[in-house]
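The opening residue of the sequence shown carries number 20 in my numbering; numbering runs sequentially from there.
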Amino acid sequence: MKINEFVEVSFKEGATFIFQVDSNEIVYQCSPFSGKEFVSVNGKLVSESQNYKLKSNHKFMVDGVEYEIAFESKDLIKGRNECSLNKEGVMVKLYKLKYIKPPKKPLYHWIPPIILGALAGVGIAQRVFPIWLCIAFGVLAFVLIFISELKSSIENWDCEVVDV
20 MKINEFVEVS FKEGATFIFQ VDSNEIVYQC SPFSGKEFVS VNGKLVSESQ NYKLKSNHKF
80 MVDGVEYEIA FESKDLIKGR NECSLNKEGV MVKLYKLKYI KPPKKPLYHW IPPIILGALA
140 GVGIAQRVFP IWLCIAFGVL AFVLIFISEL KSSIENWDCE VVDV
């Protein structure tokens, strides 16, 4: 999900942060699954590592100027992360990324899966419906809940950009 023109986040693909400094485009990419991190300047890879720690730093030089990208997971449970770029030891830009918890669903949202689950349970216990139909009711109830949860959990990120 593209949050703004400089930040993109995905549970599957990880996060990408783009910094425009002077005439350079500095890109930091990280993956939550593999732990791989890449830093590129103007499309050229300058730093790469694999890291599962909560903090990560990459130092590199561009045209004789020292840069450092720091990524920190502030709170894994609430989904708060920060990615900053320092130039010659002075912070240039900071992205504060946070996950926004989706609102709770109203009670009527749960009625169809509950009815389907109840029909499956009663059908199996009382032998009212054929077994294949009861299984179909149960699977359909699960699929409805799964799709509903999946739809509500994606694209709930917010990014605050701090220019220093």
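Positions of the beta carbon are idealized from the N, C-alpha and C atoms, including for glycine.
Distance between beta carbons of residue j and residue i, contact taken as under 8 Å
| i | j | result |
| --- | --- | --- |
| ILE37 | VAL58 | Not a contact, Cβ separation roughly 11 Å. |
| VAL181 | LYS112 | 7 Å |
| GLU179 | LYS124 | So it is not a contact: roughly 27 Å between Cβ atoms. |
Separation of residue j from residue i, as counted between CA atoms
| i | j | result |
| --- | --- | --- |
| GLU32 | SER50 | 6 Å |
| GLN48 | LYS120 | 24 Å |
| SER68 | LYS97 | 25 Å |
| LYS205 | GLY157 | Absent from the model: residue 205. The displayed extent of the chain is 20 to 183, so no value can be given. |
| ILE88 | SER75 | 8 Å |
| ILE154 | PHE30 | 31 Å |
| GLU101 | GLY136 | 43 Å |
| MET80 | TYR86 | 6 Å |
| PHE90 | GLY62 | 20 Å |
| GLU27 | PHE148 | 49 Å |
| GLU24 | GLN39 | 11 Å |
| LYS72 | LEU126 | 40 Å |
Residues that DSSP places opposite residue i in a beta bridge
| i | result |
| --- | --- |
| LEU163 | Note: LEU163 sits in no beta bridge, so no partner. |
| GLN145 | Bridge partners of GLN145: none, in fact. |
| ILE45 | PHE38 and VAL60 |
Terminal residues of the beta strand (DSSP E) in which residue i lies
| i | result |
| --- | --- |
| ASN175 | Taken as a continuous stretch (DSSP letters only), ASN175 belongs to no beta strand (DSSP E), as it is neither H nor E. |
When the options are compared against residue i, the one with the closest alpha-carbon
| i | options | result |
| --- | --- | --- |
| VAL84 | ARG99, GLU107, LEU64 and GLU91 | GLU107 |
| LYS55 | ALA34, ASN61 and GLN39 | ALA34 |
| LEU138 | LEU152, LYS72, ASP82 and VAL183 | LEU152 |
| LEU64 | TYR71, VAL147 and LYS78 | LYS78 |
| PHE165 | PRO131, SER53 and ARG99 | PRO131 |
| GLU168 | VAL60, VAL141, TRP129 and ASP177 | TRP129 |
| GLY140 | LEU126, PRO122, ALA160 and ASP177 | ALA160 |
| LYS117 | ARG99, MET110 and ASN105 | ARG99 |
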